[in-house]
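First to last, the protein sequences are chains A and B.
Going by the numbering used here, the first residue of the first sequence is number 17, and it counts up by one from there.
Going by the numbering used here, the first residue of the second sequence is number 4, and it counts up by one from there.
Beta carbons are placed, not taken as given, at the ideal position from N, Cα and C, and that holds for glycine.
Please read these numbers as outputs of a predicted model, since none were measured by experiment.
Have a look at the structure below, then the notes.
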Amino acid sequence: MTRRLRALGALLAVVLLAASAPVSITGQLLAYQGGFVFFTTGDGFRVAPGVRILDNATKKPTSEQPAPRLYARATFDAQGRVVELDLSRAPLPVGPLPEAVEPFVVAASTPFPDPELAPASRLNAQGVPRHFSGKPVLVTITVQVPPNTPFGSQVYITTDASGWNPQAIALDRIDALHFRITRRIDSGTILHYLYTRGTLQTEEIGQNGLRRTPRRLVLSDTDVRAIDDIVYGWADLGPPGSLQAPQPNTIPTPFNPNPFPNLPPGLPTPHPG
Amino acid sequence: MTTGLKTTLPMSLLPHVRQNSFLFALVLACVSVTTARAATQPITTVRLQADHIAFYNDQYLIEADGHVRVTTSDGTTITGDTFSMDLKLNRFLIASHVHLSGPGGRLHGAALADFIAFDRVYFVPVIEKPDRWTYINGDFRHPIKGREMPGDVFYFPNLGNAKPTLTAASAVIGSMSYVRFNDATLRIFGAPLPLPSYYIYFGANSDLGQNSLSGANFDLTWNASGTNNSITAIHFRRDTANGPFLAAEQHFAGRHEFAVVSLNPATKRDKFWNTVAGDRIGKRFQLNLFEQLYTQQHDLGDPSAAASSTYLTFTQAFKQSYIQGAIQQTYYNLIGRASPAIPNHPIQIHLYGVTFNHQIAKTPFFEQLHWGFGFNHDTSTGYDNNTGLQTYGNVAYTTIWDHSLGYTVYLPDWKFGNRDNFYKTYAFNASESVSRLWYTVPHHINSATTTFSISRTFSRDLNAYVAYNVVNTGDYYNHGGYTPYAPTDANGNPDTGFLAFRGASTLRTATLALTYSATPNFLARLTFDRHKDFPNAVPGIFPLPPTNNIGQFLYSNYLGQPPYDISGEVRAKILPHVMIDVQRTYYFNFGTERWSPQFLVQFSQ
């Protein structure tokens, strides 16, 4: 019996201590003006007159003033006013408001749902909902190149994220007709890209021979993503016998009817027998 | 923007400019159409001023603090203490002591977030007490009070310990397109580089990335100015042929057309004035132009030599094929003096057609056909030092017609082995391209390229393939043709093996490649090649192919390749967004060749 009474007394003491402990939250400051402090959650709280501005690490007064981007711990009194702000340049946890603090948020209007924020039924081609959390996704891109791609060629990806640098991402040859690359890319990324052989004069063209619009990759949350593309042709490579596009800073060589570009010097030119 | 060609070209070249007036008119038309069409594509611009503006290139973030002032293209002005913009998400946030004034009204509050792409503005006003208001479609007179907002609408990005790529006094931001900083300080490996302006394009129009420069071993680009449809750039470059030099480039791009003019090198005696332009007219027709003017001149003085080349193509797409016409005209000597002394000005006009790739019945094979017609004309000295394009049988051919026919058959991917286990599956592919080219000079050229490869991914880290490539080329004359000849090798001895050469060559290459990549951040590759050719590769017999500005051979299939070579390549991430790639080749002491002349070093993302 005595033991039970002691346990009940201890529980009561804990509850009383908890009840008397001041309520506080942490977050990143958005603004401090007009007698209110705002966190990046968008929540505004009334500031009590004589609020104490302290350094969060030392709990001593600081000369620093509350300002956007600073982190802070706000301590409330029973009326829901902020009576102490502990400032920190080091990140402090930012999260949803605890239930005990929600009533302290000052807002003139009654909140109501935004129909535009209702979860959209966005499904991918396989019917799986698409989410974009920003987590890194392992992306493997494999591209099939046309058979007339020179065997010694290097293939690259040029993207809008690189200002269309034609050698932004180098791919690795995996056989005579395929190149591959694996990269970690954050989900939510929208990437426009094209394949090149190192310059924009050697970029891919469509199967119809025209310049193609950049490919578009929208990366949703998955653990891995495999992408298979086909390049049908290169801008600088026509069929055999066609005029080859000249390269910058290279004046084309005069017409040469022999197909061997580096025959030994002194070899007589072809003539009737 | 830079000035046009007309004001900087030497006067002595103006006659040539008049000769090519059609092409210049075409370029100017492209540029004007580009500019006009681009002007019809309004984008939201955000003009930003603040005490301190920082740009983080790897996250496309602009962060600004102190006396922030933002003016948007609709005339709205917003002031505050802090600004944050995610260029890729196309939204910005202004926080603390926010004041907004504009055509839609005046507001005062704690924070404002503008989701430009959705035309939604989220606002925290402070009147008697704070509130949450949403504005739709720029109507600041009718707030929707109390409507729930996206959870992260007022969040600042977590920059961690990231260092800004540059800092600036002001910026102009074109939404989802570009940002132009003024009074910028760029950080290059920690060292500050002050610049009057700095422009970055991050839009989806790849045509604005087109360039007309040659390759370079090193290129540091200063995009000095730009808009959503133009870029003015200065390049600090270095290549094997020229050493260090400056180049200038002006880009224009619209939705379907682009033009790029450049001077490269601008600070060397040998200059190239390049123009690249393209226009897509309708859904199935396209014009492309490459015009190049070479001058040998000190600064912008009278040139001692000049040459030019024009390459114009049109492409017409059909449902299952396309045709392309190409015209190339080259003036090797524009001013009648020294080098390049050859006075040729050949013209070539070609028309060819290519079908789409079609699957052959229900087999795993695909085919593609092509045909072509060509006209070649030149009355000056040809390749064999005689008049015209070619002399054969005491006849100087100043005009040669040609026509061609060919096909490609290929098997892109055929799996065998244990197909239930990815790491025990082999992939086989093969291709053969065959063509014949007939000339009015009585000969024809047959060419055939055949390639096989088998590849296997042994584990997540290790991939390997073997490949075999055969290139057959035959130049067959109806009468006579190539005559027996024994060139002398590097030791002065005649190469009797070459006596068998009668205008047909066979280049065979067997390749074994191993790639190890344990993570996306590291790759090591070893490639072994065995060449067995006819005519035999003998040191000193065959001249090496010409090289481009950065020392690479202009073509990869040539006679006399070393019989054995092994190449090593290592690629590794050295900075969060920078990878380095180092390659080198060993030739097993073929003649005087041991190692490739230099390491090939490349940086990528």
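Please determine, among the options, the residue with the shortest C-alpha to C-alpha distance to residue i.
i	options	result
Val474(B)	Asn494(B), Lys535(B), Ala489(B), Ala251(B)	Lys535(B)
Val469(B)	Thr313(B), Phe431(B), Gly409(B), Ser520(B)	Phe431(B)
Ala64(A)	Val53(A), Gln260(A), Thr266(A)	Val53(A)
Val39(A)	His194(A), Arg97(A), Val110(A)	Arg97(A)
Pro523(B)	Ile330(B), Ile577(B), Asn277(B), Ala451(B)	Ile577(B)
Phe114(B)	Gly225(A), Gln49(A), Gly150(A), Pro256(A)	The amino acid occupying residue 114(B) in the given sequence is Ala; Phe does not appear at that position. The shortest C-alpha separation from Ala114(B) is found at Gln49(A).
Lys91(B)	Thr269(A), Leu207(A), Ile190(A)	Leu207(A)
Val159(A)	Glu132(A), Ala192(A), Leu133(A)	Ala192(A)
Glu219(A)	Gly212(B), Ser312(B), Gly206(B), Pro367(B)	Gly212(B)
Val412(B)	Thr454(B), Asn397(B), Thr518(B), Ala399(B)	Thr454(B)
Pro490(B)	Pro445(B), Ala451(B), Pro542(B)	Pro542(B)
Thr550(B)	Asn93(B), Tyr426(B), Tyr561(B)	Tyr561(B)
Arg189(A)	Leu465(B), Leu414(B), Gln371(B), Ile544(B)	Leu465(B)
Leu603(B)	Arg258(B), His482(B), Tyr589(B), Gly594(B)	Tyr589(B)
Lys274(B)	Leu292(B), Phe288(B), Leu296(B)	Leu296(B)
Asp202(A)	Ile243(A), Ala184(A), Asp239(A)	Asp239(A)
Tyr59(B)	Asn274(A), Ala177(A), Arg228(A), Val110(A)	Ala177(A)
So, using beta-carbon positions, are residue i and residue j closer together than 9 Å?
i	j	result
Asn164(A)	Gly43(A)	no
Leu557(B)	Gln263(A)	yes
Gln170(A)	Leu154(A)	no
Thr443(B)	Thr402(B)	yes
Leu96(B)	Ser87(B)	yes
Arg123(B)	Arg135(B)	no
Thr47(B)	Asp89(B)	no
Gln393(B)	Thr269(A)	no
Pro3(B)	Phe121(B)	What is shown of chain B runs 4 to 608, which leaves residue 3(B) out entirely.
Asn224(A)	Phe369(B)	no
Gly377(B)	Asp423(B)	no
Thr530(B)	Ser559(B)	no
Leu223(B)	Arg240(B)	yes
Phe591(B)	Asp568(B)	yes
Pro230(A)	Ala280(B)	no
Tyr480(B)	Phe504(B)	no
Asp210(B)	Ile553(B)	no
Tyr204(B)	Ile234(B)	yes
Tyr471(B)	Thr509(B)	no
Name the two residues that bound the continuous beta strand (DSSP E) containing residue i.
i	result
His373(B)	369-380
Pro65(A)	60-71
Glu118(A)	Neither: Glu118(A) is in no beta strand (DSSP E) and is coded neither H nor E.
Asn232(B)	From DSSP, Asn232(B) is part of no beta strand (DSSP E); its letter is neither H nor E.
Asp244(A)	240-246
Asp498(B)	No beta strand (DSSP E) holds Asp498(B); DSSP gives it neither H nor E.
His665(B)	Since the first residue of chain B shown is 4 and the last is 608, residue 665(B) is not available in this structure.
Thr530(B)	525-537
Glu100(A)	98-104
Tyr485(B)	Careful: Tyr485(B) lies outside any beta strand (DSSP E) and carries neither H nor E.
Tyr355(B)	350-358
Val73(B)	64-75
Gly78(B)	Run containing Gly78(B): none; DSSP gives neither H nor E here.
Lys609(B)	Residue 609(B) lies beyond the stretch modelled for chain B, which goes from 4 to 608, so this question has no answer here.
Asn397(B)	Element bounds for Asn397(B): n/a, residue is neither H nor E.
Leu86(A)	That residue, Leu86(A), is in no beta strand (DSSP E); it is neither H nor E in DSSP.
Report, in whole angstroms, the separation of the C-beta atoms of residue i and residue j, which I expect to be a contact under 8 Å.
i	j	result
Ile350(B)	His380(B)	5 Å
Ala194(B)	Ala171(B)	Not confirmed; about 17 Å, so no contact.
Thr215(A)	Gly218(B)	7 Å
Thr80(B)	Val71(B)	That belief does not hold up - the Cβ atoms of Thr80(B) and Val71(B) are roughly 11 Å apart, past 8 Å.
Arg105(A)	Leu86(A)	7 Å
Gly506(B)	Asp478(B)	4 Å
Pro128(B)	Val122(A)	In fact, because the Cβ distance is near 12 Å, the residues do not count as touching under 8 Å.
Phe184(B)	Ala98(B)	About 21 Å; that fails the 8 Å criterion.
Next item on the list: At 3 residues or longer, and completely inside the stretch 151-178 of chain B: list those beta strand (DSSP E) runs for me, N to C.
Entry: 169-177
Checklist line | 3 or more residues per run - each beta strand (DSSP E) lying fully within the stretch 424-469 of chain B | finding: 428-442, 446-460
Margin query: At 3 residues or longer, what runs of the beta strand (DSSP E) sit wholly inside the stretch 144-210 of chain A?
Written below: 152-160, 172-175, 194-202
Checklist line | Entirely enclosed beta strand (DSSP E) segments - the stretch 557-581 of chain B, minimum 3 residues | finding: 567-578
Checklist line | Uninterrupted beta strand (DSSP E) stretches inside the stretch 245-316 of chain B (no shorter than 3 residues) | finding: Counting whole runs of 3 or more residues, the stretch 245-316 of chain B contains the beta strand (DSSP E) stretches 246-256, 260-266, 273-284, 288-299.
Item checked: Completely contained beta strand (DSSP E) runs for the stretch 170-219 of chain B, where each covers 3 or more residues -> Counting only runs of 3 or more, we get 181-191, 194-204.
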